[in-house]
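J.:
Numbering (this note's numbering), first residue to last: 254 to 531.
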């Protein structure tokens, strides 16, 4: 038993002598790399590269719960970071100039729509409604003639309206014996005419005072006939026009087909003029 204990003690002593004779490795020095292998450099410590194109694909960082052993045998998190993109100025100087970005779909569509509208003015003009045209026909001699014109214009697609308005009418023809110098002489002329069956009266006021009126006629032919008959009785006779006003119908119409009506005139023979549309 004692011999076994002495043998173990000698073995331990020999191992201790052998262990203390080994050379010590420098502290803090990483294990050697194989020949031809490049040293590892963290991405955040690497300087940006300006002599090549910007990488098109950026590696994504692994999930944070994945771990890899560190150099000392422990467990640590390994996170890969993408290198920052190269500045635009540097890429432009090395690559011969960067192309401008293509316009977005909305911008391209907007510019294309505006350019198309500007290049096709006819399409814009065609979309505009035709200008409004309004005319007035009249005066008509009576309401029946005006309503016949309304029916005709409505058949041509025009909107119409019949209105009544006071207008100056063709003057009356006033037949008279000219004013006498005195009231007494005018009465003698009146009695002589009435004795021959001529309907007459004395004008008492106005520019024709003391004249003997023989009648007011709308037709010139009738006035001329009365004048000749009284002149044969030996009395001087004159015909004086007298202003006349009255209400007459007009027809107002609106429609694109009225342009020809302005040029050719109304079939009814009444005046036609352009008016402002209401």
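Virtual Cβ for every residue (Gly too), placed ideally from N, Cα, C.
Helix, strand or coil: how does DSSP classify residue 199 here?
T.: What is shown of the chain runs 254 to 531, which leaves residue 199 out entirely.
J.: Just the C-alpha distance for residue 387 and residue 501, rounded to the nearest angstrom, thanks.
T.: Whole-angstrom Cα-Cα distance: 20 Å.
J.: Kindly indicate which three-state DSSP category residue 420 falls into: helix, strand or coil?
T.: It is a strand residue.
J.: DSSP three-state call for residue 500: helix, strand or coil?
T.: Residue 500 falls in the strand class under three-state DSSP.
J.: Have a look at residue 474 and residue 444 and give me their C-alpha separation to the nearest angstrom.
T.: Residue 474 and residue 444: Cα-Cα distance of roughly 26 Å.
J.: Classify residue 367: buried if its beta carbon has 16 or more other beta carbons within 10 angstroms, exposed otherwise.
T.: Per-residue confidence for residue 367 stands at a pLDDT of 45, beneath the threshold of 50, marking its modelled position as unreliable; no derived number is given.
J.: Report all residues from its chain with a CB closer than 8 Å to the CB of residue 495; omit the five preceding and five following residues, and keep chain order.
T.: Answer for residue 495: 424, 425, 426, 427 and 469, listed in chain order.
J.: Is the separation between the beta-carbon of residue 456 and that of residue 448 shorter than 7 Å?
T.: Their beta carbons are not under 7 Å apart, which means residue 456 does not touch residue 448 by this criterion.
J.: What is the rounded straight-line gap between the Cα of residue 430 and the Cα of residue 465?
T.: Cα to Cα, the separation comes out at about 5 Å.
J.: Below 7 Å between beta carbons: does that hold for residue 498 and residue 396?
T.: Not a contact, by the Cβ cut-off of 7 Å.
J.: In terms of residues, what are the limits of the alpha helix (DSSP H) holding residue 446?
T.: Here the alpha helix (DSSP H) through residue 446 covers 436-448.
J.: Which term fits residue 268, buried or exposed, when burial requires 16 or more other beta carbons within 10 angstroms of its beta carbon?
T.: Exposed is the call here.
J.: Taking all protein chains shown into account, do 16 or more other C-beta atoms lie within 10 angstroms of the C-beta of residue 523, making it buried, or fewer, making it exposed?
T.: Buried: at least 16 other Cβ atoms inside 10 Å.
J.: Taking only the alpha-carbon atoms, compute the straight-line gap between residue 439 and residue 433 and give it to the nearest angstrom.
T.: Those two C-alpha atoms are separated by around 5 Å.
J.: Distance check for residue 263 and residue 270, CA to CA, integer angstroms please.
T.: So the alpha carbons of these two residues sit roughly 11 Å apart.
J.: Run the CB neighbour count on residue 471, radius 10 Å, all protein chains shown included, and call it buried at 16 or more, exposed below.
T.: So residue 471 counts as exposed.
J.: Determine, using beta carbons only, whether residue 507 and residue 402 come nearer to each other than 7 Å.
T.: Taking 7 Å as the Cβ cut-off, residue 507 and residue 402 do not qualify as a contacting pair.
J.: Suppose you measure from the CA of residue 460 to the CA of residue 492; what does that come to, to the nearest Å?
T.: Going by the C-alpha atoms only, they are around 14 Å apart.
J.: Let's test the definition: count the other Cβ atoms within 10 Å of the Cβ of residue 442 and tell me whether it reaches 16, buried, or not, exposed.
T.: Result: buried.
J.: I'd like the span of the beta strand (DSSP E) that includes residue 396, first residue to last.
T.: Careful: residue 396 lies outside any beta strand (DSSP E), inside the alpha helix (DSSP H) at 396-408.
J.: Per DSSP, what are the beta-bridge partners of residue 526 in this structure?
T.: Paired residues: 389.
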